[in-house]
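The block underneath contains the structure these notes are about, expressed in structure tokens.
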Amino acid sequence: LDEITKLVAESFGADRCAVVLVDDTRNFAVVRALHAKKIRPFPKIAERIELAKYPHLREVCIKGRVTVINSETVKEMTTFQRDYLFKAGMKSCVGVPLQCEEVTLGSLSVCDIKADREYSQEEVDFLVAIGNQVATAIKKFELAQEVEEKRENLERLSSEIIQLQEKERKAVAGELHDSVGQSLTAMRINLDFAENSLPPGRKELKSRIRQTSRLVADTMEEIRSIGQKLRPTMLDDLGLIPTLRWFIKDFSQQLSIPVHFRSQGNTKRLTPDLKITVYRIIQEGLNNIAKHSKATEAWITLWVKDSVCSLEIKDDGIGIDAEKVLKSTDARRGFGVFNIRERASLLGGKLEIQSDKGKGTTLLVTIPVPEGEPDEQSQSSISR
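Below is the structure:
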């Protein structure tokens, strides 16, 4: 806007050019840009102007009418307005409305402080045309700002939802371990005691008790596995790499899909949020492979270099339509890619997909590593 007011003033040979925008109440206006050879008394940038005190300005900003101030029209003004014009040194002025889609946003005006200038109709029409273009540009800028604010709000909301999910998962995992796990442990102890308390002749009953005890033990192991998947305590106790090794090994054993895991770089530099994000992305990626890919083998590579954490998840499955999946905003139809992309983007990262029908799929996630983390000795590992 500053550049526009300068160019308009120079084009018209005017001493001043100003852009004034009305606020949401439409009772006040604010000077958003001003080019002036000599400032003298004049509202400052961002200063609020009460429109009721300036009928000529109100005519432009609210009613959308062109106003012309000269030696003749000034006679029709109030004493307050004439005094203001005298103090400001304005001899003549033309104000045109900034209109876009039949809405008046404010005014664009050119003023002279040296002479009582008569603006031609061609000049006024030209200024009106410029005003329309300026109004359109302002509206587009406001819409862009609104979209950006909504995007930031959505990101903030998504972040809060994910944090809440992690908190709830941790609570449920803790409850499974502390309450259900302890109850099952006590049940197994009681079953063992009951078995040992029976006389030797009760072989059939002892066998049933042993079967029940084994069933309880299997249930305990299943609950432990569910709890670790909900919120792996290993992540806090042992770190990211041991947790990923455990999870990938468990996945491979359950699905009979060999998964080769390799890590490079100093993963200890990663923040807790980044670690849980990497874990969840790998979890989601392997779930996708199990559900959709028909893969017989998979590879996961995690590396941290300089200020970037990169993660590659690759399979030899049937492949996907990468472009279609990336465009999808429906988590149910996006093969989990929506969740992966969302988690990465919340930390400033991005997701790329490489896939051809029948040639497998590769997910590449890159996330910036926040500065200021302890630079400990780097580590690397390979596991199958």
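For the sequence shown, the working numbering gives the first residue as 1, with consecutive numbering after it. Think of the CB as a built atom: it goes at the ideal place given N, C-alpha and C, for glycine as much as any other residue.
- Spanning the alpha carbons of Gly106 and Asn153 requires a straight line of approximately 28 Å.
- Contact annotation: the stretch 309 to 317 touches the stretch 356 to 363, with at least three C-beta pairs closer than 8 Å.
- The shortest C-alpha to C-alpha distance from Ser183 to any of Ile209, Ala217 and Gln211 is the one to Ala217.
- Taking 8 Å as the cut-off, the Cβ atoms of Ile223 and Leu191 do not count as close.
- In the structure shown, the three-state DSSP call for Ser293 is helix.
- Judged by DSSP in its simplified three-state form, Ile340 adopts helix.
- Going by DSSP, Pro200 is part of no beta strand (DSSP E) at all; its letter is neither H nor E.
- Following the DSSP letters along the chain, one finds Thr73 in no alpha helix (DSSP H), marked with neither H nor E.
- In the three-state reduction of the DSSP assignment, Pro55 falls in the helix class, which pools H, G and I.
- The stretch 5 to 24 and the stretch 107 to 114 touch, with no fewer than 3 CB-CB distances between them shorter than 8 Å.
- Bounds of the alpha helix (DSSP H) holding Thr243 are Leu240 to Leu255.
- Between Pro258 and Glu195, the C-beta gap is not smaller than 8 Å, which leaves the two residues out of contact.
- The beta carbon of Leu1 sits closer than 7 Å to the beta carbons of Val19, Arg32 and Ala33 from its chain, once the five residues preceding and following it are set aside; these are given in chain order.
- In this structure, Cys100 is the residue among Ser263, Gly201 and Cys100 with its C-alpha nearest to the C-alpha of Phe141.
- The Cβ neighbour count for Lys291, taken over all protein chains shown within 10 Å, is under 16; the residue is labelled exposed.
- In this structure, DSSP gives Gly181 a helical state, which the three-state scheme calls helix.
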